[in-house]
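The C-terminal residue of the sequence shown carries number 290 in full-length UniProt numbering, and the numbering is unbroken. Note that beta-carbon positions come from the ideal geometry of N, C-alpha and C, so glycine has one too. Since this is a predicted model, take the numbers as computed values, not measurements.
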Amino acid sequence: MPAIDKTIATPYATIRVRETAGYGLPLLMIHGAGASKEVFDKQINTALGEMYRVIAIDLPGHGESSNAVDPAGTYSFGGFAKVVSEVLDELSVNKVAVYGWSLGGHIGIELLATDPRVVGLMLTGAPPVNRGPIGLLRGFQMHRDMLLASKEHFSDEDIARFTRLCFRDSEPPAGFIENVRRTDGHARTGVFKATMKGLDSDQKRVVERSPVPIAMVDGEFEPVARLSYVGNLAYQNLWSGKVNVIGGAGHAPFWEKPDHFNVLLHRFMGDMAVCARPRSGCGSDNRRAS
């Protein structure tokens, strides 16, 4: 059965959602900057979407969603997380596993810190860092293309550079370039400013002390996160006991190497379905509700 698209009105923005008909544990997939829900087509349109209730959204200022009503209050990791929680409320989701890519991973960490419905979190291209510039320098690779994250307006050259950063030599998803061009530039600058000012959670602390399993899945040639940094965090609840590195992939292993990635995601979801059961022993939860 094909996935269904719907529109959800929130106080922050009008959000477009794609949802599969699976009856298993909900899996929320959060895209990166400049992308949209379609970037996860190689997961949604598989057996994963038949087994689990896969939910992918267009963040405010992205894809088919509207721009934020209040850009200053919405365009930050924490602001986006509030939008996501509102969507989960509207979809009557009680428990959820979360996959976050790049920007979506940082939003997932904020969601983990604030929303007790999260039973597990998988991250790609999203190094959990301490607040402020020093934390960013430790977790992120600093090079010319990273400056794109702070630009409000993209030229055609910027769009081409950004696409190569995300997908290396792979053909990007259909419509990706149009999605990058459509993205509200205030979303990029807002996230950048909020991050530099340390307005969101100490994400390193959140991930290292997570009461639920954290899965780290990155490409061998990841251009954004420092793999050495990600591999040396003091995880208390690291899924599979290691950071999973997918050979031959870059920033988007779920798109570049979907066969390898989907095997890991299936395993993760099977484990999270167990964790979602009462008294599963997957860890105590002392997070505050959002």
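CB contact flag (residue i, residue j, <8 Å)
i	j	result
Asn130	Lys193	no
Pro133	Ile109	no
Ala3	Ser65	no
Ala187	Tyr75	yes
Ser228	Leu112	no
Ile8	Val84	no
Leu165	His62	no
Ala56	Phe77	no
Ala225	Gly120	no
Ala215	Phe154	no
Thr46	Asn262	yes
Ala276	Lys95	yes
Asp70	Arg16	no
Val212	Cys282	yes
Leu147	Phe162	no
Glu220	Gly241	no
Leu123	Gly139	no
Leu103	Val191	yes
Span of the alpha helix (DSSP H), counted from its first residue to its last, around residue i
i	result
Gly108	Leu103 to Thr114
Thr189	Gly185 to Met196
Tyr75	No alpha helix (DSSP H) holds Tyr75; DSSP gives it neither H nor E.
Glu256	Pro253 to Glu256
Val17	Unbroken run through Val17 is the beta strand (DSSP E), Thr14 to Glu19; no alpha helix (DSSP H).
Lys42	Asp41 to Ile44
Gly219	Gly219 -> not in any alpha helix (DSSP H); beta strand (DSSP E) instead, spanning Ile214 to Gly219.
Pro133	Gly132 to Gly139
Tyr229	Leu227 to Gly231
Identity of the residues DSSP links to residue i by a beta bridge
i	result
Ala160	DSSP output for Ala160 lists no bridge partner at all.
Asp202	According to DSSP, which records beta bridges pairwise, Asp202 is partnered with nothing at all.
Gly24	Tyr52
Lys6	Val17
Val98	Leu28 and Leu121
Leu264	Paired residue(s): none; Leu264 is not in a bridge.
Ala174	In the DSSP output, where bridge partners are listed per residue, Ala174 has none listed.
Leu238	Ile214
Whole-angstrom C-beta distance between residue j and residue i, which should lie under 8 Å
i	j	result
Asp218	Val230	6 Å
Leu265	Leu48	7 Å
Run of the beta strand (DSSP E) containing residue i, from where it starts to where it stops
i	result
Met244	Rather than Met, the amino acid found at residue 244 in this sequence is Asn. Here the beta strand (DSSP E) through Asn244 covers Asn244 to Ile246.
Val93	Run containing Val93: none; DSSP gives neither H nor E here.
**Q.** Stretch-stretch touch, CB-based, cutoff 8 Å, three pairs: the region 140-150 with the region 22-29
**A.** no
Q: Would you be able to state if there are at least three C-beta pairs under 8 Å between the region 168-175 and the region 30-48?
A: yes
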